[in-house]
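Below is one structure, written out as C-alpha cells, with a few remarks after it.
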Amino acid sequence: MKEIEKSKNNSKNNGNKSGEKKKIPIIQTLKPKKRLTKEDKEMIKAFEAAMDVLTKQKNAKV
Amino acid sequence: MPKFKSFVFDQNVFTEYSNTLADKSNSLVFKMHFSSVVLYELAATTVSADDLDIFENWRKFHDKNNTLLTPDKTDWWETAKLIRRLRFGDKSASHGLTPKISHAGQLQNDALIARTATLAKCYVVTKDTDDFQKFVPFMPNLEIISDAEFFG
Numbered sequence: 000m001k002e003i004e005k006s007k008n009n010s011k012n013n014g015n016k017s018g019e020k021k022k023i024p025i026i027q028t029l030k031p032k033k034r035l036t037k038e039d040k041e042m043i044k045a046f047e048a049a050m051d052v053l054t055k056q057k058n059a060k061v
Numbered sequence: 000m001p002k003f004k005s006f007v008f009d010q011n012v013f014t015e016y017s018n019t020l021a022d023k024s025n026s027l028v029f030k031m032h033f034s035s036v037v038l039y040e041l042a043a044t045t046v047s048a049d050d051l052d053i054f055e056n057w058r059k060f061h062d063k064n065n066t067l068l069t070p071d072k073t074d075w076w077e078t079a080k081l082i083r084r085l086r087f088g089d090k091s092a093s094h095g096l097t098p099k100i101s102h103a104g105q106l107q108n109d110a111l112i113a114r115t116a117t118l119a120k121c122y123v124v125t126k127d128t129d130d131f132q133k134f135v136p137f138m139p140n141l142e143i144i145s146d147a148e149f150f151g
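These protein sequence lines map, in sequence, to chains A and F. Numbering that gives the first Met the number 0 numbers the first residue of the first sequence as 0 and each following residue consecutively. Numbering that gives the first Met the number 0 numbers the first residue of the second sequence as 0 and each following residue consecutively.
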C-alpha cells in the first residue's frame, strides 16, 4: 500500500498525472564554458568577488 | 524557454541570489550582459573602497567584452517618453488604452534596463515582473523572466 502511495506521489511531483511537465529552471540548462583562457578565469574571479561582496552585504543586514 | 539567448539581471536578483550566482559563475558570466543602471544601484550602496574596487574590476570585463549595457542619449529620451505615456495612460498600438500609473517616475531605472536589454536582444530576469510588465504595451519585444523561472 505504501509503495502505491509513494508511486502516486512521485507521479504528481513529476507532473505526469496531469500531463504537465515540471519546468527545469533556466540556470540548470546553461552549460559551463569548458576551455577557459587566462582572461576567462580572471573574469570568473572578478564576478565571484563581486558576488561575495553582495553576500557579505546581505548577511550584514540580517 | 525565452526567445533571446542572453540575459540581464535586475539589481534585486544580484542581491537575492549572489550565493547561487557565485556557485554557477562559469555557466553565467559568458552568457550574461550587465546593465550600467544595475551597476549604479549596486555600487551606490557599497560602503568600503575595497568593495567599490571589486565592482570596478567586474565592470571593466563587461566593458571590454561589449556586454555592458549603458543607456545613450536616445535611450534616455525614449525612456522619458515611455514614462510619460505610462503616467498619462496613453494608447498603445498593441494593447489599446493603458491604465494611468501615477508613480511611473519611480520606474525610470527599470525602464532603462528594459530598453537597453531589448535592444541588445537580452531577456530581463527580475523579482519585480509586475513592474516590468507595465512597459510591454510600449515595448512589445521586451522579454521578462521571473527569478522563480530562472532559478527554480
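Idealized CB from N, CA, C, for every residue including glycine. For clarity, every value in this text was computed on a predicted model and none was experimentally measured.
According to DSSP, is residue i helix, strand or coil?
{"i": "Thr28/A", "result": "helix"}
{"i": "His32/F", "result": "strand"}
{"i": "Lys90/F", "result": "strand"}
{"i": "Ser101/F", "result": "coil"}
{"i": "Thr44/F", "result": "coil"}
{"i": "Ser6/A", "result": "A caution first: Ser6/A carries a pLDDT of 49, below 50, which makes its placement in the model unreliable, though a value can still be read off. Here Ser6/A sits in helix by DSSP."}
{"i": "Ile82/F", "result": "helix"}
{"i": "Thr125/F", "result": "strand"}
{"i": "Phe134/F", "result": "coil"}
{"i": "Val12/F", "result": "helix"}
Under 8 Å Cβ-Cβ, which residues of chain A neighbour residue i?
{"i": "Glu148/F", "result": "Lys22, Pro24, Ile25"}
{"i": "Phe54/F", "result": "Ala49, Val52"}
{"i": "Ala21/F", "result": "Phe46, Glu47, Met50, Asp51, Thr54"}
Between the options, which has its C-alpha nearest residue i's C-alpha?
{"i": "Val135/F", "options": "Asn18/F, Gly151/F, Ala113/F", "result": "Ala113/F"}
{"i": "Ser93/F", "options": "Phe137/F, Asn56/F, Thr66/F", "result": "Phe137/F"}
{"i": "Phe3/F", "options": "Leu111/F, Ile144/F, Phe13/F", "result": "Ile144/F"}
{"i": "Thr97/F", "options": "Leu106/F, Lys133/F, Glu77/F", "result": "Lys133/F"}
{"i": "Ala48/F", "options": "Ala45/A, Val52/A, Phe46/A, Glu47/A", "result": "Val52/A"}
{"i": "Ala64/A", "options": "Asp129/F, Phe13/F, Ala116/F", "result": "Not covered by the structure: residue 64/A. The range shown for chain A is 0 to 61."}
{"i": "Leu106/F", "options": "Glu148/F, Arg83/F, Lys72/F", "result": "Arg83/F"}
{"i": "Lys120/F", "options": "Lys30/F, Ser26/F, Asp22/F, Asn25/F", "result": "Lys30/F"}
{"i": "Ile26/A", "options": "Thr128/F, Val124/F, Asp130/F", "result": "Val124/F"}
Residue i CB to nearest chain F CB: under 8 Å?
{"i": "Val61/A", "result": "no"}
{"i": "Lys57/A", "result": "yes"}
Residue i versus chain A: which residues are under 9 Å apart at the beta carbon?
{"i": "Gly95/F", "result": "Those within 9 Å of Gly95/F in chain A number zero; the least Cβ separation is about 31 Å."}
Show which residues of chain F have a CB atom less than 9 Å away from the CB atom of residue i.
{"i": "Lys37/A", "result": "Residues of chain F passing the Cβ test: none, with the nearest at roughly 13 Å."}
Spell out whether any CB of chain A is found under 8 Å from the CB atom of residue i.
{"i": "Thr125/F", "result": "no"}
{"i": "Thr66/F", "result": "no"}
{"i": "Asp50/F", "result": "yes"}
Which bits of chain A does residue i rub up against, with CB to CB less than 7 Å?
{"i": "Leu27/F", "result": "Leu29"}
{"i": "Thr14/F", "result": "Leu53, Lys57"}
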